[in-house]
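In the numbering used here, the protein residues as written are 619 to 941. No residue lacks a Cβ here, since even glycine has one placed at the ideal position from N, Cα and C. If you're wondering where the values come from, they're calculated on a predicted model, not measured in any experiment. Structure record follows, encoded as structure tokens.
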Amino acid sequence: MTEIRSGLVVQHGATRNLVLPDGTDPGQGDQHYSCVLRGKLRQGRRERVRPVVIGDRVRFTVIQGSERQGAIEEILPRRNAISRPQPSGGQHRKLEQAVVANLDRLWVVVSLAQPPLNRRFLDRILAAAAHQSVDAGVLLNKIDLADAADPQPLLSTYAALGYPVHVLSAIARDGLDGLGAALEGSIHAFVGLSGVGKSSLLRALQPGLELRVAEVGERHGHGRHTTTASRLFWLPEVGGWVADTPGMREFGLWGAFQRELSDCFPEMLELAPDCRFRDCMHRREPGCAVIAAMEDGTVDEERYASYRALLTELPVDEFDQRR
Ligand SMILES: Nc1nc2c(ncn2[C@@H]2O[C@H](COP(=O)(O)OP(=O)(O)OP(=O)(O)O)[C@@H](O)[C@H]2O)c(=O)[nH]1
Ligand SMILES: [Mg+2]
Ligand SMILES: [Zn+2]
């Protein structure tokens, strides 16, 4: 008799995926099954890489006589997922790369210094989350650094747009209680550029957490740990699952067209009905309410700059063959 179980994917890989069976205590040692993917689930590889991703709920069969090995038979329907175009230097058509599924909230981690704050990157992930109907939030880390940017204006800008914002220091252990409370229950993920402190925040929230890290050589005489694989961690202190992901240099909008972009910026979504033209792209059209609001300071100039930068990257429609 083949035993069928259901569980949560906590790590995905090219050939093996780690699945925690339902009903097991996530805090209890190693209960995971190392699972391959049935061939039928690997179909469609020309369009998307990674058919199964962390956060997925799956049904799997236990391979008889093996040491905690299984085969994923079915990926249960997703509540949501965040995807991006697979980063590649080539000119050929990009594939969809899922990052996390079934998210409560995607948290964009930025550092206020070292590496310097990157508003374009922050806004592009927030827009991608909006496009895929995933709730997002902002974590402003490294406030302890002397050269850190002032978090206050950022806090007000993003909070006014409806995003939860936390001002933090993983090292000085600042703001962790508030963040811990926000992460309670279900699945969250940390994404952002390399070195902003995603892994450090996880470690600060759950001291003693075993993070899988790899040494990538020396930089300026200091050892540097960088995350090489996404992994979902259970944080008993917090009572929630949080994904640590490797630093991303690119984060495009999967499947979005130019005319959809302003709907992914809450302030533009709100102002668009006041534009003179119904199909206003908020570029330099006469009577544009977004440009007027930017000129009188109601819309943040940096946000508008992020919008314009992203717009140039998106195809006009499905027949736009230039990308
Ligand atoms: N001063 C200061 N340094 C921090 C803080 N958080 C993290 N760091 C340092 O920043 C560096 C990078 O931190 P990581 O946690 O590895 O960053 P990451 O976002 O996980 O990076 P990747 O895994 O490469 O994506 C480490 O040297 C940390 O000690 C902070 O709040 N303040
Ligand atoms: Mg890391
Ligand atoms: Zn407009």
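query                                                                                                                                                      : result
Mapping the DSSP letters down to three states, classify V908 as helix, strand or coil.                                                                     : helix
Quick test of the definition: if touching needs 3 or more C-beta pairs under 8 Å, does the region 888-895 touch the region 751-771?                        : no
Return the bridge partner residues of A719 from the DSSP annotation.                                                                                       : A699
For T620, count neighbouring Cβ atoms within 10 angstroms of its own Cβ and tell me buried if that reaches 16, exposed if not.                             : exposed
At a cut of 8 Å, does the region 693-705 reach the region 778-795 through at least three beta carbon pairs?                                                : no
Using the C-alpha atoms, what's the distance from A746 back to Y925?                                                                                       : 12 Å
Roughly how far, in whole angstroms, is the beta-carbon of L730 from the beta-carbon of P705, given that I think they are within contact range, below 8 Å? : Actually they do not touch by this definition, with Cβ atoms about 25 Å apart.
Please classify G625: does DSSP put it in a helix, a strand, or coil?                                                                                      : strand
Nearest to V727 by alpha carbon, out of N720, P864, A632 and E714?                                                                                         : P864
Measuring straight from C-alpha to C-alpha, what distance separates W725 and E828?                                                                         : 21 Å
Any idea what DSSP makes of F678, helix, strand or coil?                                                                                                   : strand
Within 6 Å: the Cβ of T845 and any heavy atom of ligand 2?                                                                                                 : yes
Exposed or buried, D643, counting other C-beta atoms within 10 Å across all chains shown (16 or more means buried)?                                        : exposed
List the residues that DSSP assigns as beta-bridge partners of F577.                                                                                       : With the chain covering 619 to 941 only, the question about residue 577 has no answer from this structure.
Anyone know if the C-beta pair for V667 and A807 falls short of 7 Å?                                                                                       : no
Given this structure, state the Cα-to-Cα distance separating W852 from C906, to the nearest angstrom.                                                      : 47 Å
On a Cα-Cα basis, can you pick out the residue from L811, A799, L713 and G813 that is closest to L823?                                                     : A799
Tell me the DSSP secondary structure of R660 in three-state form.                                                                                          : helix
Applying the 10 Å Cβ sphere with the 16-neighbour rule, what's the burial state of H942?                                                                   : With the chain covering 619 to 941 only, the question about residue 942 has no answer from this structure.
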